[in-house]
Amino acid sequence: MMTHIQRLPRFLIPLLGLILLAPTPAAERVRSRRAVTEARREALGRVVPRGQSHPARPGRTRTPAGLTPLAAARLSRFGGSMGPGLGRDVGTAAARLRRQRVMASRSRQQGPRRLSPLVRELVAASRRGAALPAHLLGEASTDLLDGDRIRMQLLLRPGVGNLDRDLSAVSAEVIRSTPTVVTVWVPYDNLPRLLKAETVQAVRLARRPARDETRPRLAAATSLAAGAVVSEGVALSGADVWQGFDSARFGVERETPVTIAIVDTGFFGYGELLGSELPATVTTADFAPAWDIEGCLIAAPLDPCFATGTALAEIVSDMNPTAELILVAVDPDSISSFQQAIDYLAGSGSGVPLASIVVGGAVWAPGLSGDGFGAGPYSRMISQLTAQGVSWINDLGDLDFLSFLLYGTDTPAPARDHWTGPFVDQVDHLFRGQFDADGYMDQWLPDQDPQSAETWLNEFCLGPGDYIFFDLVWDDWVDVDQDGIPETTEDYALDFWERIDGKLVLFDTSSSLPDNFQGGEEGDYPWDTFDMFNSGSETLCYELAIFAEFALGDNRFHLYWAADNLTTPGQLSASFQAPASITAGNRMIPADTPGVIGVGTSSLTDQVEPFSPWGLEGEASPALCAPADVSTVTFADGGFVTSFAAAHVAGAVSLLMQKLGFVTTTEALELLEARARDITGAAPDVQCGAGRLCMLTGRCSEGL
17 MMTHIQRLPR FLIPLLGLIL LAPTPAAERV RSRRAVTEAR REALGRVVPR GQSHPARPGR
77 TRTPAGLTPL AAARLSRFGG SMGPGLGRDV GTAAARLRRQ RVMASRSRQQ GPRRLSPLVR
137 ELVAASRRGA ALPAHLLGEA STDLLDGDRI RMQLLLRPGV GNLDRDLSAV SAEVIRSTPT
197 VVTVWVPYDN LPRLLKAETV QAVRLARRPA RDETRPRLAA ATSLAAGAVV SEGVALSGAD
257 VWQGFDSARF GVERETPVTI AIVDTGFFGY GELLGSELPA TVTTADFAPA WDIEGCLIAA
317 PLDPCFATGT ALAEIVSDMN PTAELILVAV DPDSISSFQQ AIDYLAGSGS GVPLASIVVG
377 GAVWAPGLSG DGFGAGPYSR MISQLTAQGV SWINDLGDLD FLSFLLYGTD TPAPARDHWT
437 GPFVDQVDHL FRGQFDADGY MDQWLPDQDP QSAETWLNEF CLGPGDYIFF DLVWDDWVDV
497 DQDGIPETTE DYALDFWERI DGKLVLFDTS SSLPDNFQGG EEGDYPWDTF DMFNSGSETL
557 CYELAIFAEF ALGDNRFHLY WAADNLTTPG QLSASFQAPA SITAGNRMIP ADTPGVIGVG
617 TSSLTDQVEP FSPWGLEGEA SPALCAPADV STVTFADGGF VTSFAAAHVA GAVSLLMQKL
677 GFVTTTEALE LLEARARDIT GAAPDVQCGA GRLCMLTGRC SEGL
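Mapping the sequence shown onto our numbering, position 640 (from 1) lands on 656, and the numbers just tick up by one.
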């Protein structure tokens, strides 16, 4: 048990009161919030030498290395004394803090500024000379390890230093490389040296980089037998009836051709389906430098190839057999590859887009790829097309992305959830009501009274062997030079409190982690992570809170968490308790982008799939939901890809446009929304939008 928790001295309350209560112009709010935090640090800031720690509590794997300045600044609400030697001059403390910050800012240029939680654990173990802790990787160990080498993904500082020299210093073997990200094998013993690489700004385990890589793929030697396999979604939606519609009988002189682009990782076997499952001719464009249009690695022709794009094209053609197709291969992890594809579809400067509709076959999780509120490199590029009148249709994503991050597997973690909401700080919880605000978000759930009890805290419990990962993202993605690296100006932290002898004590905070320099500076991401593992035999409970480290305090958040038991994977302990949550709003990128038509995933029996994300209240996303577990030649009857739902909607929109000849994509979508089948009983809602795709008026079947 911790026995010497330091608390705020009573003589400092007036000083903090003057800072907190002074009238402040709106333009100075950022500086004032920082002044409050700095004052707390200056008055309380004693740095405990590394290695000095509090007595360990059984089963705890995160024991603070002393009470850090930030930890001391966020003390218990209950009064107490500070301990010897801390009633010193504030001016001297301020000067010392400034020197520390100067040294920290200089040190940031010498190595990675961000390490993922598991990478931190591995580096620490390597420094101690411990054996490689493969158990930390769980089931992903076979995917991430090659003997004593670990597969890492490095986020680079473009134009800084000598990358070849830094990689050589750690004996790294390059697997794949882009201008901003390089994937390498790094010997376990060399991990600490990787922290000195000035060309690297962030390091994480190299989970499979594209969502498509976790889906079923076909071997390059496999032959696709052309056949008449029609998606079950055609009959379910009534598209087969519309295909037989004779436009001329109703005064429509000709059907207007519609061009649809499929943007995905690869189109293996599409050539064998031309003239049968696909149109006789299609247009292709390859912007993926590492593989060809069929999704086969150029350097490894015998490796499996990407085939999801082919299945998407099949479904579009099943829904609308006369649609004209453009197959566009991209590397979804390469900003330059994706930008080239966008420029191509936009007409390469001609101002005339090549397609009326685009089906997106990739999704990205908020964090490195955007803020989840419509800002980020991929959202920006897609908006270039939608601004030209092109309809971009994308699935909302799938909620197993955190399991990829944790375990490198396509098996969803057994406990994962999401919270979304604004940061509102109008109540002083920390200092017993003496000030208007304390830097903490006031409440987690909308039906709570922020003035009552401890609504700023969110309790969760870890039983023996339980592991939990937190991923916090906020809406402050500012990318002036459009290089995919934000210049965020806001910084928030996740704080973890525990109750000891009836009192709240700060156990740990994401901002005190080594190598975590997320401080609202250029090159930082509006993104913070934290993980915890209970290796003991007792249940450990903590209270989660969000703190405005250096921030204006008016941001919105996505907080994701995933949990599993590392002793018995797939089965959490009986005493595990997840944080309270609001599940709505966990759609992935680019469904968060204004103008993108988001599509949820439903089953063939008219149930919303449990892994289908939700839209935010008040948003247009999702517009509809559509089936994904359907038959195709590419995947036979074993294909299950969430982007199949988007392909069904794109085919239906284009079919209406083509048969009627006088409706736009927007008008066709409005017709489909008006005819959609309500399968939740609450349409329109955040799960399925207007309902399941139906092209007929009250005549769609009730599932197959």
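No residue lacks a Cβ here, since even glycine has one placed at the ideal position from N, Cα and C.
Cβ distance (whole Å) where residue 656 is taken to contact residue 639 below 8 Å: Actually they are not in contact, since the Cβ atoms of residue 656 and residue 639 sit about 21 Å apart, beyond 8 Å.
What is the rounded straight-line gap between the Cα of residue 560 and the Cα of residue 451? Taking the straight line from one Cα to the other gives about 22 Å.
In the DSSP assignment, find the unbroken alpha helix (DSSP H) run with residue 675 in it and report its ends. Bounds of the alpha helix (DSSP H) holding residue 675 are 659-676.
Assign residue 151 to one of two classes, buried (16 or more other C-beta atoms within 10 Å of its C-beta) or exposed (fewer than that). Of the residues assessed, residue 151 falls on the exposed side of the cut-off, its CB having fewer than 16 other CB atoms within 10 angstroms.
Quick check: the Cα distance between residue 486 and residue 651, rounded to an integer number of angstroms? Residue 486 and residue 651 have their C-alpha atoms some 34 Å from each other.
DSSP state of residue 411 mapped onto helix, strand, coil: Under the three-state reduction of DSSP output, residue 411 falls in the strand class.
Closest residue to residue 374 among 614, 620 and 349 (Cα-Cα distance): Nearest C-alpha to residue 374 among 614, 620 and 349: 614.
With 16 as the cutoff for other CB atoms within 10 Å, does residue 385 come out buried or exposed? Under this definition residue 385 is a buried residue.
Endpoints, the beta strand (DSSP E) within which residue 186 is located: Counting along the chain, residue 186 falls outside any beta strand (DSSP E), and DSSP gives it neither H nor E.
Kindly indicate which residue of 632, 527 and 557 has the alpha-carbon position closest to the one of residue 565. The closest CA to that of residue 565, considering only 632, 527 and 557, is found on 527.
With a cut-off of 8 Å, do at least 3 Cβ pairs link the stretch 400-416 to the stretch 580-599? With a cut-off of 8 Å, the stretch 580-599 and the stretch 400-416 do not count as touching, because too few Cβ pairs lie within range.
Inter-residue spacing [alpha-carbon to alpha-carbon] between residue 489 and residue 599: Whole-angstrom Cα-Cα distance: 15 Å.
Does the stretch 456-473 come close enough to the stretch 355-364 that 3 or more CB-CB pairs lie under 8 Å? Touching, no.
Continuous beta strand (DSSP E) assignments of at least 3 residues falling wholly in the stretch 311-359: As far as the stretch 311-359 is concerned, its whole beta strand (DSSP E) runs of at least 3 residues are 340-345.
Over what stretch of residues does the beta strand (DSSP E) that includes residue 643 continue unbroken? DSSP places residue 643 inside the beta strand (DSSP E), whose first and last residues are 640-643.
Inter-residue spacing [alpha-carbon to alpha-carbon] between residue 582 and residue 483: Approximately 7 Å between the Cα atoms of the pair.
Sequence-distant residues of its chain with Cβ nearer than 7 Å to residue 666 (five each side left out): Once the five neighbours on either side are set aside, the close Cβ partners of residue 666 are 276, 332, 373, 375 and 409.
Going by the beta-carbon positions, is the gap between residue 674 and residue 273 smaller than 8 Å? It is a contact, given that the beta carbons lie within the stated cut-off.
Please state the DSSP three-state secondary structure of residue 681. Correct three-state label for residue 681: helix.
The beta strand (DSSP E) with residue 521 in it runs from where to where? That run of the beta strand (DSSP E) goes 519-525.
Spatial neighbours of residue 658 in its chain, beta-carbon cut-off 6 Å, leaving aside the 5 residues before and after: In chain order, 411, 414, 617 and 644 place their CB closer than 6 Å to the CB of residue 658, counting only its own chain and leaving out the 5 sequence neighbours on each side.
Nonlocal neighbours in the same chain, by C-beta distance under 7 Å from residue 444, ignoring five residues either side: Counting only Cβ-Cβ distances below 7 Å, and skipping sequence neighbours, we find 450, 451, 452, 453 and 454.
Would you decide whether residue 178 is buried or exposed? Buried here means 16 or more other CB atoms lie within 10 Å of its CB. Residue 178 should be labelled exposed.
Under a three-way DSSP split, which group does residue 95 fall into? Reliability of the predicted coordinates at residue 95 is poor, the pLDDT of 27 falling under 50, and the value obtained from them is presented with this limitation in mind. In the structure shown, residue 95 sits in coil (DSSP, three-state: anything other than H, G, I, E or B).
Does the Cβ-Cβ distance between residue 171 and residue 218 come in under 8 Å? Contact flag set, yes.
With distances taken between CB atoms, is the gap from residue 278 to residue 377 smaller than 8 Å? A contact, by the Cβ cut-off of 8 Å.
Grab the span of the alpha helix (DSSP H) containing residue 265 for me, first residue to last. Counting along the chain, residue 265 falls outside any alpha helix (DSSP H), and DSSP gives it neither H nor E.
Is it buried or exposed, residue 625, if we count other Cβ atoms within 10 angstroms and call 16 or more buried? Residue 625 is buried by the Cβ-count criterion.
Taking the alpha helix (DSSP H) that residue 209 belongs to, which residues open and close that run? That run of the alpha helix (DSSP H) goes 207-210.
Residue 213, DSSP secondary structure in three states: Residue 213: coil per DSSP, three-state reduction.
Report all residues from its chain with a CB closer than 7 Å to the CB of residue 513; omit the five preceding and five following residues, and keep chain order. Here the set comprises 473, 520, 521, 522, 523, 558, 559 and 561.
Which residues DSSP lists as bridging residue 477, in chain order: Listed as beta-bridge partners of residue 477 by DSSP are 557 and 593.
By a C-beta neighbour count over all protein chains shown, 10 Å radius and 16 as the cutoff for buried, is residue 631 buried or exposed? It is buried - the Cβ of residue 631 has at least 16 other Cβ atoms within 10 Å.
For residue 283, which residues from the same chain have a beta carbon less than 8 Å from its beta carbon, with the 5 sequence-adjacent residues on both sides left out? 300, 309, 310, 311, 322, 323, 325, 326, 329, 343 and 345, listed in sequence order.
Cα separation between residue 503 and residue 396? The straight-line gap from Cα to Cα measures roughly 15 Å.
Are there 16 or more other CB atoms within 10 angstroms of the CB of residue 525, so buried, or fewer, so exposed? So residue 525 ends up on the buried side.
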